[in-house]
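Enquirer: Let me give you the structure first, and then I'll get to my questions.
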Amino acid sequence: MISIKNVSKWYSTFQVLKNCSAEIKKGEVIVVCGPSGSGKSTLIKTFNGLEPFQRGEIRINEQSVSDSKISLSRLRTKIGMVFQNFELFPHLSITENLVLAQIKVLGRSKDKAISKGLKLLDRVGLKMHANKYPGKLSGGQQQRVAIARALSMDPIAMLFDEPTSALYTEIINEVLDVIVELAQEGMTMICVTHEMAFAKKVAHRVIFMDQGMIVEDNRKEDFFAHPKSARAKSFLAKILN
Ligand SMILES: Nc1ncnc2c1ncn2[C@@H]1O[C@H](COP(=O)(O)OP(=O)(O)O)[C@@H](O)[C@H]1O
Ligand SMILES: [Mg+2]
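If you use numbering that gives the first Met the number 0, the sequence shown corresponds to residues 0 to 240, in order.
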């Protein structure tokens with residue numbers, strides 16, 4: 000479904016991605032991890048056209064993301080993205096947050112968008128908060144709304160960029176549980192996270208990045224049992240302690 004080949008990217012003279020290649024099949028759950036600054040966020044943002052790159056190719060269902068004929072806003076709706084800091088619109092109610100893009104980008108009717116939005120809000124356990132503003136919700140609740148908002152666009156895959164790293168330990172699981180459920184339903188997803196218990200539970204594969212390179216791309220079992228590179232070994236030793 001997502002194929003990246005020899006992707007390289009520079010910020011002026013600094014090379015942030017170095018020849019990255021990977022294949023992600025429909026229904027696969029990939030966890031991306033690695034030290035801070037290794038290029039994880041930049042890499043996953045290239046998948047839905049949020050970050051341009053200078054070399055290589057990315058194809059989503061056989062369509063190149065660099066193809067000038069395909070609309071980037073359309074592509075972004077096909078691949079949902081959830082960030083560390085929720086990024087809900089603070090001046091809009093939860094319901095308004097959920098329906099805005101459905102109406103503006105997909106052209107859905109208001110009624111249809113509201114009914115879809117509320118159904119997904121119910122699914123993440125927050126229907127009673129439909130009329131509140133994001134500021135009245137906890138971080139974990141806001142993140143669940145952000146997930147519902149991404150799902151309201153009927154994405155073919157979901158990207159998560161450290162979805163729980165801004166949350167207190169006690170509420171991390173309420174967000175991870177929603178993501179685990181999605182994974183179990185067969186959603187294709189790529190999740191940057193350092194929650195290794197989560198990775199062990201749901202990932203099929205783990206991609207480990209360091210200094211702009213994909214250093215390992217392994218089945219989860221192999222990654223945890225026998226990381227190949229010294230860098231992954233030392234990363235795992237640090238994080239598992
Ligand atoms: N807009 C930018 N301009 C210049 N350098 C950037 C920019 N965004 C990120 N970087 C650099 O690229 C590297 C990778 O960043 P990032 O993809 O955010 O890493 P990670 O998500 O693994 O922490 C870092 O060294 C960061 O400082
Ligand atoms: Mg990052």
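Just so you know, even glycine gets a beta-carbon here, dropped at the ideal spot from N, CA and C.
Strictly by DSSP, which residues pair up with residue 141?
Expert: DSSP output for residue 141 lists no bridge partner at all.
Enquirer: So, are the CB atoms of residue 164 and residue 83 less than 8 Å apart?
Expert: Yes, Cβ-Cβ distance for residue 164 and residue 83 is below 8 Å.
Enquirer: Under 6 Å Cβ to Cβ from residue 197, same chain only, skipping five residues before and after it: list those, please.
Expert: If we look at residue 197 and ignore the five residues flanking it on each side, its Cβ neighbours are 175.
Enquirer: Quickly, what does DSSP pair residue 10 with across the bridge? List them, please.
Expert: Answer is 13, bridged to residue 10.
Enquirer: By DSSP, does residue 55 sit in helix, in strand, or in coil?
Expert: Residue 55 falls in the strand class under three-state DSSP.
Enquirer: Report yes or no: do three or more beta-carbon pairs, one from the stretch 100-118 and one from the stretch 149-165, lie closer than 8 Å?
Expert: The stretch 100-118 vs the stretch 149-165: in contact.
Enquirer: When the Cα atoms are used, what is the spatial distance from residue 75 to residue 156?
Expert: Approximately 10 Å, taken between the alpha carbons.
Enquirer: For residue 116, count the other beta carbons within 10 Å of its own beta carbon; 16 or more makes it buried, fewer makes it exposed. Which is it?
Expert: With 16 or more other Cβ atoms within 10 Å, it is buried.
Enquirer: Which value, in whole angstroms, describes the spacing of the CA atoms of residue 214 and residue 68?
Expert: Each residue's Cα considered, the two are about 33 Å apart.
Enquirer: Identify which residue in 159, 132, 113, 17 has its Cα closest to the Cα of residue 3.
Expert: When only C-alpha atoms are compared, the closest one is 17.
Enquirer: Does the Cβ-Cβ distance between residue 97 and residue 147 come in under 8 Å?
Expert: In this structure, residue 147 lies closer than 8 Å to residue 97 by Cβ.
Enquirer: Could you pull the start and end residues of the beta strand (DSSP E) that residue 96 belongs to?
Expert: Premise fails: residue 96 lies in the alpha helix (DSSP H), 93-103, not in any beta strand (DSSP E).
Enquirer: Is there at least one non-hydrogen atom of ligand 1 closer than 7 Å to the beta-carbon of residue 207?
Expert: Not under cutoff, so the answer is no.
Enquirer: For residue 65, does the three-state DSSP call read helix, strand or coil?
Expert: Coil at residue 65, not helix or strand.
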